Structure formats: structure tokens, C-alpha cells
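Asks:
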Amino acid sequence: MMNISIITYQVRKGDTLESVALQTGISAEALKQYHNTYCGLDELIGHNLDNVHTILIPPPEKIRELRENSNNILKQEMRPSRYLFKNFYANNYEVSEHFQKSETENVIITYNVSLNVHETKDQGFIIETESSGFKKNNEIPDDKISMLSLSCMEALYPIAFIVAAQGSISGFYHYKEIVRKCRKKLEDPDNFFVGEISQNYINKFRDCFNNEKLLLEKFRSALIYQFLFPKMEWFHKNKPWEETLYIVQNSFPVTCLMEAEYHESRDCIQTILRGNTKDEYSLQELLAGRRFPERSEDWGSGEIILKYETDKQTRQLLKAAAQIILKNKDKTFSSYQLILHRKN
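Here our numbering is used: the first residue of the sequence shown is 5, the next is one more, and so on.
1. Is the beta carbon of P62 sitting closer than 8 Å to the one on L53?
2. To which residues does DSSP link V167 through a beta bridge?
3. What is the residue span of the beta strand (DSSP E) that E262 lies within?
4. Could you tell me which residues DSSP puts in a beta bridge with R278?
5. Quick one: residues in its chain with C-beta nearer than 7 Å to the C-beta of L261, no 5 flanking neighbours on either side, listed in chain order?
6. For the beta strand (DSSP E) containing F337, name the first residue and the last one.
7. Got a sec? Which residues, its chain only, sit under 6 Å from Q274 by beta carbon, not counting five neighbours each side?
8. What does DSSP give as the partner residue(s) for D315 in the beta ladder?
9. Let me confirm a value: C212 is counted as buried when at least 16 other C-beta atoms fall within 10 Å, else exposed. Which label applies?
10. Restricting to Cα atoms, I'd like to know which of W238, F239, L227 and E237 is closest to I251.
11. Rounded to the nearest angstrom, how far is the Cβ of I112 from that of F138, given a contact under 8 Å?
12. Looking only at its chain, what residues have a beta carbon closer than 6 Å to the beta carbon of V99, apart from the 5 residues adjacent to it on each side?
13. Between A169, A168, E191 and Y161, which lies nearest to Y179 when the distance is taken from Cα to Cα?
14. By Cβ distance, which residues of its chain are closer than 6 Å to A159, with the 5 residues on each side in sequence left out?
15. Mind reading off the beta-carbon distance from P84 to R295? Whole number of angstroms is fine, and I expect it under 8 Å.
16. Taking the straight line between their C-alpha atoms, what separation do you get for N73 and D315?
17. Which residue comes first and which comes last in the alpha helix (DSSP H) that contains T41?
18. On the three-state DSSP scale, how would you describe F196?
19. By the three-class DSSP mapping on this structure, what secondary structure does Q27 have?
20. Please confirm whether E263 and Q170 have their CB atoms less than 8 Å apart.
21. Which same chain residues end up closer than 6 Å to A325 when comparing Cβ atoms and leaving out the 5 residues on each side of it in sequence?
22. According to DSSP, is L154 helix, strand or coil?
23. Taking the straight line between their C-alpha atoms, what separation do you get for I206 and L154?
24. Using beta carbons (cut-off 8 Å, strictly below), is Y93 in contact with chain D?
25. Using 10 angstroms around the beta-carbon of H51, count the other beta-carbons present and answer buried if the total reaches 16, otherwise exposed.
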């Protein structure tokens with residue numbers, strides 16, 4: 005091991021830029037840039053060390069700086085790309101949603117989500133999704149309303165979204181075809197629910213998917229789709245920023261102040277996003293999904309924590325967790341948690 009405290013290194017037979025850089029503990033590119041910055045024009049390092057007799061070595065404090073910068077660059081390269089790529093998603097994930105509300109029974113919904121990703125030349129990505137195996141508190145729902153709701157949702161699946169290269173859902177793919185298939189399934193006798201209540205529910209459901217914009221907003225406000233299809237820039241934020249999020253499904257979006265932090269383990273990179281709501285709203289407005297004409301001073305607040313684990317090598321999404329806490333007068337009103345992890 006050479007003494008890195010010396011200013012120059014005399015090139016020996018068999019030396020390469022990589023072998024000399026290895027002795028200093030910095031990358032070959034960093035050593036080359038440092039040398040070429042301070043050497044004479046006749047001693048510039050090109051593709052190799054031909055005709056180079058002396059290499060300028062950074063002092064110890066500069067080496068520490070270069071090592072730190074190199075480590076930071078390496079960690080950034082291990083994060084997901086700034087643009088969505090086909091293998092970011094696994095084919096199947098298991099999902100659990102936990103609902104906690106004061107003075108009511110806690111509810112856990114579990115199900116599976118499958119994804120089929122197609123890359124296009126001009127639309128970004130077409131991602132076909134399907135959810136199945138729904139359970140409520142570890143039991144298959146058998147009440148009529150739950151069965152009716154699941155039957156209507158299953159009539160929509162599989163549903164294909166257009167997801168931009170930057171991430172986030174931007175629209176439906178072949179929306180008219182989705183509606184046609186859904187109508188046919190709802191007319192099937194196997195999916196028919198007799199009774200006025202059932203028919204009213206089905207009619208209301210049909211009215212919803214007759215409005216493409218409204219249906220798209222319902223899906224985009226669903227927490228599973230909002231966090232399953234994140235903006236890819238989230239994985240590279242280094243300063244606080246404002247983000248518009250739905251913190252209650254089928255409600256209006258609110259502005260949140262967010263910060264990001266990144267952690268490294270042996271096999272994965274963890275991205276943690278923390279935020280608090282900035283907009284003024286009452287809890288009643290948020291739950292009703294609309295603003296009231298009368299101004300309220302009884303403001304609600306929300307806390308958001310998002311965690312993503314991605315594989316270091318493949319940069320694939322391994323696990324995601326989202327937690328939203330709604331407060332009223334600084335007291336917790338409800339807590340929602342979503343956990344998604346790759347299914348082996």
C-alpha cells in the first residue's frame with residue numbers, strides 16, 4: 005500500500021489508472037480528474053497511462069471528500085431511476101389495509117394485486133392491474149353489500165392504466181373497452197343481485213363509470229393506486245417540497261409539505277417520505293369530500309409517512325408502506341395504514 009500523504013506517485017511498469025486509484029481508495033475517474041486539473045498539458049491522462057510518468061495524488065482531506073462524494077453517487081445510482089422502467093414492479097403483491105377510528109372496531113382488509121406492465125413508445129407505460137382474494141379481518145365477506153361491492157369491482161377488472169414515464173396514473177387505457185366489458189359482466193346472471201337496493205347500487209355504479217373523468221379521480225384518490233404508482237422523483241428529493249395528495253379516498257386533494265430521507269441496508273434502499281398537511285380544511289369537509297361555504301375555524305390536520313424498499317441490484321419495488329393520521333383539535337381522529345410487499 006502506497007503512502008497517500010505524498011504529493012506524487014511515480015508510475016511503474018504494469019501500473020494502470022485503476023490499480024493506482026485502488027491504492028488511494030478513490031475511483032479511477034476521480035483520480036484522473038484530480039490529476040488532469042493540476043498537471044501540465046504534456047502529462048494529461050487519457051485512456052491509459054502511456055507516456056505518463058508521474059501521477060498527482062490528492063491530499064488526505066481531499067481523498068476523504070472524494071470518497072464521500074463517490075459513496076453518495078453510488079447510493080443515488082442504487083435508487084430507482086428518475087423515470088419508470090418495466091421491471092420496477094414485480095408481477096404480484098400482497099396488500100393489507102388497516103383502518104383505525106376512535107370508538108369503532110378496527111378493520112383489516114387483505115387482498116392480492118397483480119400487475120402486467122407494457123412499455124410504449126409514446127404513452128409511457130400501460131399497466132394492467134387486477135385485485136383478488138379480498139378478506140375482511142381474515143374472513144371472506146359474506147354480507148350482501150360487501151358481496152355486491154366486490155362483484156361490481158370485479159366487473160371492472162382487469163383494468164389498464166396509462167402511467168407516465170415520470171410515474172403516477174395519467175389515464176385509462178382503452179376506456180371504452182373497459183366500460184363495454186364491465187357492462188357485459190354486470191348483465192351476466194351470475195353477477196345479478198335481485199332487489200331494489202341492489203339494483204340502485206348497480207345503477208349508481210354504472211353512472212360512475214359513464215363519467216371517465218370522475219372514475220379516474222376515484223381510482224387516483226384510492227390510496228393503494230396513489231402509493232403503488234408514485235412519482236419517480238420522490239426517490240431523489242434532497243430538499244423539502246410541496247406535494248398534492250389525497251389523504252381521504254373520494255375526497256379532495258390537499259397540499260402537503262414533504263421531506264425525504266434515504267437509508268441503505270445490505271440488500272435494499274429505503275426511501276422514507278414524511279409530511280404534514282398545509283391547506284386549511286375542517287375534518288367534516290374532508291370526510292364529506294367537498295368544501296363548505298361557511299368558513300370553519302375548527303381546522304383538521306394530517307400526517308403522512310410513506311416508506312418504499314427497493315432492491316439495490318434490480319431497483320425493483322419490494323415493499324411499500326403508507327400511514328395517514330387524521331387529527332381534529334390535535335387529537336387523533338383516525339389512522340390508516342397500507343402495507344404492500346412482493347409476493348414470492
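Beta carbons: idealized from backbone N, C-alpha and C, even for Gly.
Since we're looking at a predicted model, the values are computed, not measured.
Replies: In this structure, then:
1. On the sequence shown, position 58 is the one that residue 62 refers to. On the sequence shown, position 49 is the one that residue 53 refers to. Cβ atoms of P62 and L53: not closer than 8 Å.
2. In the sequence shown, residue 167 corresponds to position 163, counting from 1. DSSP lists F129 and I173 as partners of V167.
3. One-based indexing of the sequence shown puts residue 262 at position 258. Per the sequence presented here, residue 262 reads as Met, with Glu not at that position. Looking at the DSSP string, the run of the beta strand (DSSP E) that includes M262 is V258 to E268.
4. One-based indexing of the sequence shown puts residue 278 at position 274. DSSP output for R278 lists E263 and I309 as bridge partner(s).
5. Residue 261 sits at position 257 when you count from the first residue of the sequence shown. Closer than 7 Å at Cβ, skipping near neighbours: P244, E246, G279, N280 and K282.
6. Residue 337 sits at position 333 when you count from the first residue of the sequence shown. K335 to R346 is the span of the beta strand (DSSP E), which, as asked, contains F337.
7. On the sequence shown, position 270 is the one that residue 274 refers to. Only H267 and E313 meet the Cβ criterion.
8. What you label residue 315 is simply residue 311 of the sequence shown in a count that begins at 1. Answer is C272.
9. Counting from 1 along the sequence shown, the entry for residue 212 is found at position 208. Answer is exposed; the Cβ neighbour count stays below 16.
10. Counting from 1 along the sequence shown, the entry for residue 251 is found at position 247. Checked all of W238, F239, L227 and E237; the closest Cα to I251 is L227.
11. Counting from one through the sequence shown, the residue named residue 112 turns up at place 108. Counting from one through the sequence shown, the residue named residue 138 turns up at place 134. Between F138 and I112 the Cβ distance is about 11 Å, and since that is not below 8 Å, they are no contact.
12. Sequence index remark: in the sequence shown, residue 99 carries index 95 (1-based). Cβ neighbours of V99 beyond the five flanking positions: Y115, V117 and L344.
13. For the purposes of this step, residue 179 is taken as residue 175 along the sequence shown, with counting starting at 1. Of the candidates A169, A168, E191 and Y161, the one whose C-alpha sits nearest the C-alpha of Y179 is Y161.
14. Your numbering for residue 159 matches position 155 in the sequence shown. Around A159: C186, K189 and L190.
15. If you number the sequence shown from 1, residue 84 lands on position 80. If you number the sequence shown from 1, residue 295 lands on position 291. Not quite, the Cβ-Cβ distance comes to about 36 Å (not below 8 Å), so this is no contact.
16. If you number the sequence shown from 1, residue 73 lands on position 69. If you number the sequence shown from 1, residue 315 lands on position 311. About 22 Å.
17. Here the question's residue 41 lines up with position 37 in the sequence shown. Unbroken alpha helix (DSSP H) run through T41: A32 to Y42.
18. Taking the first residue of the sequence shown as 1, we reach residue 196 at position 192. Interpretation of F196 is limited by its pLDDT of 49, a score under 50 that renders its predicted location unreliable; no figure is taken from the coordinates.
19. Taking the first residue of the sequence shown as position 1, residue 27 is located at position 23. In the structure shown, Q27 sits in a helix (DSSP, three-state: H, G or I).
20. Working through the sequence shown from its first residue, we reach residue 263 at position 259. Working through the sequence shown from its first residue, we reach residue 170 at position 166. Not a contact, by the Cβ cut-off of 8 Å.
21. Residue 325 sits at position 321 when you count from the first residue of the sequence shown. Here the set comprises K311 and I343.
22. By one-based count along the sequence shown, residue 154 stands at place 150. If DSSP states are grouped into helix, strand and coil, L154 belongs with the helices.
23. Residue 206 sits at position 202 when you count from the first residue of the sequence shown. Residue 154 sits at position 150 when you count from the first residue of the sequence shown. Spanning the two alpha carbons is a distance of roughly 11 Å.
24. You won't find chain D in this structure, because it holds only one protein chain.
25. Walking along the sequence shown from the start, residue 51 turns up at place 47. Exposed.
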